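Enquirer: Residue numbers (our numbering), protein chains in the order written: chain A, 1 to 70; chain B, 1 to 290.
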Amino acid sequence: MSLDDKNKKSSDSEPAAEKAVVADNRKKYVALKTIKVICNGEFSLEEGKEIPAGIDKAFVNSLINSNLIK
Amino acid sequence: MQEPMLTTFGIHQAVFKDLKDPSKWGMAKILGSAEPDLKQELIALEGGSNIIPWNAAPGRASGELTLTIRQYDKQILRFLSPYIDSAEVEDADGEAAGSVTTLTNLVGTSLKHNTTGIASVGLKSGGSASLAPGNYKAVVTGAATIDLYIDYDGTGKVEYQNSDMKINSSAITIASGAGTDYLGLTFTGGAGTIGMTVGDIAIFTVYPPSNYLLKSYFGKAGAVNREFSLTIYSECNGGKIRSTNFPRCVASASTPPQFLENDWASMEVTINVLQPETVDYVAETLFINR
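1. If I measure Cβ to Cβ from V269(B) and keep anything under 8 Å in the same chain, skipping five residues before and after, which residues do I get?
2. From the beta carbon of S176(B), is the nearest beta carbon of chain A less than 7 Å away?
3. Just the Cα atoms here: how many angstroms apart are S11(A) and A58(A)?
4. Within the same chain, show all residues whose beta-carbon is closer than 8 Å to that of G54(A), passing over the 5 residues directly before and after it, in chain order.
5. Report the option in M267(B), P247(B) and D263(B) whose CA atom is closest to the CA atom of T255(B).
6. Given that I69(A) touches chain B, what residues does it touch there, using C-beta distances under 8 Å?
7. Which same chain residues, not among the five before or five after Q275(B), have their C-beta less than 8 Å away from its C-beta?
8. Taking DSSP as the reference, what is the three-state secondary structure of I51(B)?
9. Answer yes or no: do G142(B) and S66(A) have a C-beta to C-beta separation smaller than 7 Å?
10. Would you mind listing the alpha helix (DSSP H) stretches within the segment 51–105 of chain B that are 4+ residues and don't spill past its ends, in chain order?
11. For chain B, check one thing: does any of its Cβ atoms lie closer than 7 Å to the Cβ of E47(A)?
12. Given A92(B), which residues of its chain have a CB within under 7 Å of its CB, disregarding the five upstream and five downstream residues?
13. Give, in chain order, every residue of the segment 157–181 of chain B whose Cβ lies closer than 9 Å to some Cβ of chain A.
14. Would you list the one or two residues that DSSP bridges to C39(A)?
15. So the alpha helix (DSSP H) S23(B) belongs to, where does it begin and stop?
16. Looking at the unbroken beta strand (DSSP E) that takes in A44(B), where does it start and where does it end?
17. Determine whether the Cβ of I146(B) lies closer than 7 Å to any Cβ atom of chain A.
18. Just to make sure I have the definition right: I need the residues of chain A whose C-beta is within less than 8 Å of the C-beta of G142(B). Which are they?
19. With K57(A) as the anchor, note down where its alpha helix (DSSP H) starts and where it stops.
20. Go ahead and label K39(B) buried or exposed: buried means 16 or more other beta carbons lie within 10 angstroms of its beta carbon, across all protein chains shown.
21. I want to know whether the segment 102–111 of chain B touches the segment 155–165 of chain B - three or more CB-CB distances under 8 Å.
22. Comparing the C-beta of A17(A) with each C-beta of chain B, is any distance below 7 Å?
23. Which term fits P257(B), buried or exposed, when burial requires 16 or more other beta carbons within 10 angstroms of its beta carbon?
24. Using a Cβ-Cβ cutoff of less than 8 Å, which residues in the same chain neighbour G199(B) once the five nearest sequence positions on both sides are dropped?
25. Once DSSP output is grouped into helix, strand and coil, what is the label at S176(B)?
26. For chain A, check one thing: does any of its Cβ atoms lie closer than 7 Å to the Cβ of I194(B)?
27. With distances taken from CA atoms, which of K137(B), T197(B) and S99(B) is nearest S125(B)?
28. Tell me which residues share the same chain as S130(B) and place their Cβ nearer than 7 Å to its Cβ, disregarding the 5 neighbours each side in the sequence.
29. Enumerate in chain order the residues of its own chain whose CB-to-CB distance from I43(B) is below 8 Å, with the five nearest sequence positions on each side excluded.
30. State the Cα-Cα distance for the pair G219(B) and V89(B), rounded to the nearest angstrom.
31. Please name the residue or residues paired with R242(B) in a DSSP beta bridge.
32. Restricting to Cα atoms, I'd like to know which of W54(B), G177(B), I288(B) and T186(B) is closest to A61(A).
33. For a test of the three-state rule: what should DSSP assign to L274(B), helix, strand or coil?
34. By Cβ distance, which residues of its chain are closer than 7 Å to L68(A), with the 5 residues on each side in sequence left out?
And the structure:
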């Protein structure tokens, strides 16, 4: 079942979804597109470039899941 | 020498008194006009070739009064249109820090979600100066990103990015258990991995810091017209007082204000003057001093 499928069937009363992605502190992430993002502050991502320092780990997960970095 | 004439000039104020609840009085002072039209129709007896009626008898009186109000306070709203207590919700002191309503899903169920979506939207501590008031629409653009749209940009706190009324130029990212600050608001992610469904929509409303807040509803269920007495005072000059009292009236006005280009809103109130049960007249005009 894809993450999207899970979300479509989910509701507030359902248990927490499994953690699909966990950011790896040792890995370097690069941006998949050039875009500004608001995380724990505002950051500029540049396609193909390493993501700026300062983005919290929790937000890294979200950026991966949203296909903005890998 | 002839005595000074009885006359009136201008309009000073109109006073409304609730006939059922004497604790409720209201007034209007910024008035354009108060024009009673109580004249009685005359029914002519016509016949034959005579061009002039043979007789005339009284018909009905119109019993109408038109009031043009240019500024008012909430006390008179109860008189002007069908009213029930719940037709007004007032916060006399306003909200010092502003407020935000609960995020509510409108399309889908993934955006407002306690574990995999946005668990809550709240005021950012110390961020009230950045609040942009209006009705917001949040739309999911990625598993963990949203765009925001707002229906009002009159504060200068936001800038529309397009004609769809999107306001964020950067993707707003929602993270597990973390807060994302934007425009004086904090969007707190649910405890699980954020995974919202693209296209899902949720709404909320932001109120700015204020010192007064009134919601006035027109057409509220159960609302009825109130009966009141109406007294109109003219401008006075040299101690002269001119007033007309209508002991029993009901009114009909469109209380939502008009919004006019480069003009103040005024409200035209149609008042029906009714025959009172307590006195044997429908209007009494008082002339104090010549």
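C-beta atoms are modelled at their ideal positions from N, C-alpha and C, and glycine is treated no differently. Here the structure is a predicted model, which means the values were calculated and not measured.
Expert: Judging by the given coordinates:
1. T66, L67, T68, I69, L80, A251, S252 and A253
2. yes
3. In this prediction, S11(A) has a pLDDT of 45, which is less than 50 and means its spatial position is unreliable; nothing more can be read from the coordinates.
4. N40, G41 and F43
5. M267(B)
6. Those within 8 Å of I69(A) in chain B number zero; the least Cβ separation is about 11 Å.
7. R248 and V282
8. coil
9. yes
10. 77–80
11. no
12. Y212
13. N168, S169, S170, A171, I172, T173, I174, A175, S176, G177, A178, G179, T180 and D181
14. G41(A)
15. Note, S23(B): premise wrong, no alpha helix (DSSP H); not H, not E.
16. Q40 to L45
17. no
18. N65, S66, N67 and L68
19. K57 to N65
20. exposed
21. no
22. Caution is warranted here: a pLDDT of 44 is assigned to A17(A), below 50, making its placement in the model unreliable, and the coordinate value is therefore given only provisionally. Yes, its Cβ sits closer than 7 Å to a Cβ of chain B.
23. exposed
24. V107, G108, V139 and V140
25. coil
26. yes
27. S99(B)
28. K157, L183 and G184
29. A56, A57, P58 and G59
30. 14 Å
31. F287(B)
32. Looking at the sequence shown, residue 61(A) is not Ala but Asn. It is G177(B).
33. coil
34. A31, L32, K33, I35, V37 and L45
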